[in-house]
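K.L.:
Provided herewith is a single structure, encoded as structure tokens, for subsequent inquiry.
In the numbering used here, the protein residues as written are 20 to 595.
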């Protein structure tokens, strides 16, 4: 291939290029320098090239190949920031930020997602071996919470910035306005402000008596939004300025103190939790083999009453290295199916790292027969182009879990009698299911048969162990360890590689689009020139035609003058 040598830096360039790819100098200066065609573009490109040479770089110490990838992507990011380049690519910028964050902080994040109260936090507590995450009856995990192995136990709290809180509050306001606008027949000025500041009786009395019934209905609908209800009950508004925009808070503590400290920042009974964006928990009691780079992420519900918080979950599905989507085993319709569909739609090319966990298995009427039906239903529903690509993958990646009863059995010695009785109720349900299966000639798992003769009341350690076994938590844990934790480095490298390829593809697409745009402009300019030349030719022809007619008119006038003069002379001679 023919090349051109840059006279400034000596680098070789393809002959089709006008500017040096290394230093930005014009390669055909001799042909155009007199006309000054290249000077402005050359100045811009030279500045860009110089800036890229000095482009700041954060060294990636854990992998040399990733470090090389990072340098290239950082340069692309710098180019996007130059106004003269004229590229508006928010999707590419977002992908670049995700890539650089993953390279600079190589955490392998396993996101636990699902609808509100799908059992995410309870499952995490079962896997971590202690009740760290809050499991309050209210929709609890409004705060994204990360759990990781650490030498020292700690909690790190990040608060919303002013800008982030404004975005969150706008999403709340949009929902409130939607509700208020549905009451078209009544006039309710300042309804949102009055709802937050007044008790129900005062709120109703603010408006016309004839509208009281509808006003009360409106109030109750606003109050059904858990976020608004708690925000009002806890008078969170008066504490907003204290926490919004506050610097990160980092507290070291004993492992036994984590649960209570976490409640301070994430419990729905605390007015602070509204303003907390993210919590990171370092745990020293995890297995020493548990990699410090692996992070469990407890996300807000996918269908949180506040759209801004739901978006946090969606963003984590995009960026997480693996996703455990929790659905309620006793209700696999509507919102639960919608949850799984949403996760797959956001998971991109990592469907093999999506695991569907049917929680609340212990709430099924017959834990053998009913689960078998639901398991097959899920396999059939979640196999296909938009879900697991193969039936085999669906079979291995769909699991059940009874986290709540696992945690009760684990903490049996410290439980009150009412909680211990809940385990007995589950045992009765299991024994009834065994009898029902035997009557129907349905096979029963051996681990469950072992509980046939277990005595109700004070449960023995062996019976507790058997109950914990059939809750399936150990199976879920083994899948996480073998499929994810033990392979985290390889999987993380693969994710980074895929992200890099996505960026390459997006850059190639943008460059292609820009090239096409420039070529279209050149084509248009060429056609414009031809059109101008055509008009010039037409003008010239018109001018020649006008000149010809003008000459004809001049000759005609001259002839007329001569004829008139002759006739005049003849008339005069006759008169004389």
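By construction, the Cβ of each residue, glycine as well, lies at the ideal position given by its N, Cα and C atoms. All of these numbers come straight from a predicted model, not from anything done at the bench.
1) Closer than 7 Å by C-beta to residue 22: which residues in its own chain qualify, once you throw out the five before and the five after it? Chain order, please.
2) Classify residue 168 as helix, strand or coil using the three-state DSSP reduction.
3) Rank 324, 322, 174 by C-alpha distance to the C-alpha of residue 269 and give the top, closest one.
4) Counting Cβ pairs closer than 8 Å, one from the region 516-533 and one from the region 345-360, do we hit at least three?
5) I need the DSSP call for residue 175, collapsed to helix, strand or coil.
6) Threshold first: 4 residues or longer. Then list the alpha helix (DSSP H) segments lying entirely within the region 245-284, N to C.
7) Could you tell me which of 424, 376, 96 sits nearest to residue 120, measuring between CA atoms?
8) Take the Cβ of residue 583 as the centre, count every other Cβ of all protein chains shown within 10 Å, and call the residue buried at 16 or more, exposed below.
9) Mapping DSSP to helix, strand and coil, what is residue 101?
10) Cα-Cα, which of 365, 76, 170, 576 is closest to residue 1?
11) Three-state secondary structure (DSSP) at residue 476?
12) Look up residue 301 in the DSSP assignment and give the residues it is bridged to.
13) Rounded to whole angstroms, what's the CA-CA distance from residue 225 to residue 324? Just pull it up for me.
14) Using alpha carbons as the reference points, say which of 439, 463, 459, 436 lies closest to residue 449.
15) What does a CB cutoff of less than 8 Å around residue 331 pick up in its chain, not counting 5 residues either side in sequence?
16) Residue 401 and residue 417 look like a contact to me (Cβ under 8 Å); what is the Cβ gap, rounded to whole Å?
17) As a quick exercise: from 338, 373, 491, pick the residue whose alpha carbon is nearest that of residue 390.
18) Extract the residue ranges of the alpha helix (DSSP H) inside the region 462-527, only unbroken runs of 4 or more that lie entirely within it.
19) Rounded to whole angstroms, what's the CA-CA distance from residue 403 to residue 89? Just pull it up for me.
20) Do you know offhand how far residue 382's Cα is from residue 349's?
21) How about residue 233 and residue 205: are their beta carbons less than 7 Å apart?
22) Beta-carbon within less than 6 Å of residue 471's beta-carbon, same chain only, minus the 5 sequence neighbours each way: which residues are those?
23) With C-beta atoms as the reference, is residue 351 less than 7 Å away from residue 374?
24) Near residue 409, which residues of its chain fall below 8 Å by C-beta distance, leaving aside the five closest residues on each side in sequence?
25) Can you look up residue 353 in the DSSP assignment and give me helix, strand or coil?
26) Bridge partners for residue 5 per DSSP, in chain order?
27) Could you spell out where the alpha helix (DSSP H) holding residue 46 opens and where it closes?
28) Closer than 8 Å by C-beta to residue 574: which residues in its own chain qualify, once you throw out the five before and the five after it? Chain order, please.
29) At what residues does the beta strand (DSSP E) containing residue 345 begin and finish?
30) Please list the terminal residues of the continuous beta strand (DSSP E) segment that includes residue 375.
P.N.:
With the structure as the only source:
1) Result list for residue 22: 31, 32, 33, 34, in chain order.
2) Residue 168: strand per DSSP, three-state reduction.
3) 174
4) Not touching, per the Cβ criterion.
5) strand
6) 245-252, 259-262
7) 96
8) exposed
9) coil
10) Any property of residue 1 remains undetermined from this structure, which presents the chain solely from 20 to 595.
11) Here residue 476 carries a coil assignment [DSSP, helix/strand/coil].
12) 167, 173
13) 27 Å
14) 463
15) 163, 318, 319
16) 7 Å
17) Just measuring C-alpha positions, the residue of 338, 373, 491 sitting nearest residue 390 is 491.
18) Fully enclosed alpha helix (DSSP H) runs of 4 or longer: 465-468, 480-489, 492-498.
19) 35 Å
20) 6 Å
21) yes
22) Excluding residues up to 5 positions away in sequence, 453 lie with their Cβ nearer than 6 Å to the Cβ of residue 471 in the same chain.
23) no
24) Cβ neighbours of residue 409 beyond the five flanking positions: 402.
25) coil
26) Here the chain covers residues 20 to 595 and nothing more, so residue 5 does not appear.
27) Residue 46 -> no alpha helix (DSSP H), and no H or E assigned at all.
28) none
29) 341-347
30) Under the DSSP assignment, residue 375 falls in the beta strand (DSSP E) whose first and last residues are 373-378.
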